[in-house]
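So the sequence shown is numbered by full-length UniProt numbering: it starts at 1 and just counts up by one.
Quick reminder that beta carbons are idealized off the backbone N, C-alpha and C, glycines included.
This report refers to the structure that appears directly beneath it.
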Amino acid sequence: MKNFVKGLAVAGALLLSVPALAETAKPTVVLVHGAFADASSWNGVIQRLEKDGYPVVAAANPLRSVRGDADSVASVIDSIKTPVVLVGHSYGGSVISEAATGKTNVQGLVYVAAFAPDTGETAIGLTGKFPGSTLGPTLAPPVPIPGGGKDLYIQQAKFPAQFAADVPAGEAKLMAATQRPIAEAALGEASTEPAWKTIPSWFVYGDKDRNIPPQALAFMAERAHSKQTVVVKGASHVVMVSNPAAVAKLIETAAQAAPAK
1 MKNFVKGLAV AGALLLSVPA LAETAKPTVV LVHGAFADAS SWNGVIQRLE KDGYPVVAAA
61 NPLRSVRGDA DSVASVIDSI KTPVVLVGHS YGGSVISEAA TGKTNVQGLV YVAAFAPDTG
121 ETAIGLTGKF PGSTLGPTLA PPVPIPGGGK DLYIQQAKFP AQFAADVPAG EAKLMAATQR
181 PIAEAALGEA STEPAWKTIP SWFVYGDKDR NIPPQALAFM AERAHSKQTV VVKGASHVVM
241 VSNPAAVAKL IETAAQAAPA K
């Protein structure tokens, strides 16, 4: 009888500890890639986050339209029952800004060399808002999409210098061959009400970005009242590939921050 009572006490203590464990569980990090890339661009970041105990989902971004892509990512968010830190690279920033709207489990947004558009703004418009982007001349001839519209690629020979100048040559060449196209219309699609107005945000980018001018990235970070902005010296547009430790560190900072009330 004595051992039975003791067993009940131990079981009760374990049950009482469950809510405490749930409260301290780490949020899930959802990573959204941008144009001319795929989910593998997050590999180095994922390795570091998982090593530190964070659940990670690298979502497949369709790269078809801002609204449609946001709906796709929103469905991923809806399937996750823990708090979420939502991370977007490049055009993926436009997507997460839409996808997080109204999602109560998204506690933070991290923009990685990414667009953070305001209502009515487009990726093309923000790229040209400040001088410095050299993307236009490196694009390959548009590829017609069945049913209408055009897909955009970066010329493979120009991809490393334009997109991934600080990535080892062999890896950059592979990235050029495996790049995923974006529908031209997506880059000109206006954003609606952005989630960064109500959800805390963090920004990281390289000062040698040739796709989105660093001045534009700084402008968007300041406008969004970034909790912390990290500028990686010498980093290209794919700062998460060339400097995964810096990007993972900022994501963990966002994950450890108290959600906005």
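query, result
"Please report the distance separating the alpha-carbon of F203 from that of E222.", "9 Å"
"Is D151 helix, strand or coil when you go by DSSP?", "strand"
"What separation, rounded to the nearest whole angstrom, lies between the Cα atoms of I251 and T82?", "16 Å"
"Among the candidates L217, G234, A255, S191, whose CA atom is the shortest distance from the CA of A114?", "L217"
"With DSSP as the reference, label K249 as helix, strand or coil.", "helix"
"Based on the DSSP output, what are the partners of I182 in its beta bridges?", "L152"
"Measuring CB atoms only, is the region 29-47 touching the region 61-72, in the sense that at least three cross pairs come out at less than 8 Å?", "yes"
"According to the Cβ coordinates, are T138 and I154 closer than 9 Å?", "yes"
"When the distance is taken between beta carbons, is V84 closer than 9 Å to P146?", "no"
"Taking all protein chains shown into account, decide if N43 is buried (16 or more other Cβ within 10 angstroms of its Cβ) or exposed.", "exposed"
"Which parts of the region 84-168 are runs of the beta strand (DSSP E), unbroken and 3 residues or longer, counting only runs that do not cross its ends?", "84-89, 106-112, 150-152"
"Pull the bridge partners of T229 from the DSSP assignment, please.", "F203"
"Count the CB pairs spanning the region 187-206 and the region 100-108 that are closer than 8 Å, and state whether there are at least three.", "yes"
"Could you have a look at A60 and say whether DSSP puts it in helix, strand or coil?", "coil"
"Between the C-alpha atoms of D38 and L174, what's the straight-line distance to the nearest angstrom?", "12 Å"
"Assess, as a yes-or-no matter, whether the region 196-210 is touched by the region 232-239 under the definition of 3 or more beta carbon pairs within less than 8 Å.", "yes"
"Between which residues of its own chain and L21 is the CB-CB distance below 8 Å, once the five residues before and five after are set aside?", "Reliability fails at L21, whose pLDDT of 32 lies under 50, so the model's placement of it is uncertain and the value that follows must be treated cautiously. Once the five neighbours on either side are set aside, L21 has no close Cβ partner at all."
"Opposite L31 in the DSSP bridges: which residues?", "A58, V87"
"For P181, which residues in the same chain have their Cβ closer than 8 Å to its Cβ, ignoring the five residues on either side in sequence?", "A35, F36, L63, V143, D151, L152, Y153"
"Measure the CB-CB distance between M220 and S41 and report whether it falls below 9 Å.", "no"
"Measure how close the beta-carbons of V29 and V112 come, nearest whole angstrom, since I'm counting them as under 8 Å.", "In fact, because the Cβ distance is near 12 Å, the residues do not count as touching under 8 Å."
"Answer yes or no: do residue 263 and P244 have a C-beta to C-beta separation smaller than 9 Å?", "Any question about residue 263 goes unanswered here, given that the chain covers just 1 to 261."
"Exposed or buried, which one is P141 when buried takes at least 16 other CB atoms within 10 Å?", "exposed"
"Once the 5 residues before and after Q156 are set aside, which same chain residues still bring their CB inside 6 Å of it?", "A176"
"Are P117 and S90 closer than 9 Å when you measure CB to CB?", "no"
"Less than 8 Å between the CB atoms is what I'm expecting for S65 and A183, so what's the real figure, rounded?", "7 Å"
"From T127 to G188, what does the alpha carbon distance come to, in whole angstroms?", "11 Å"
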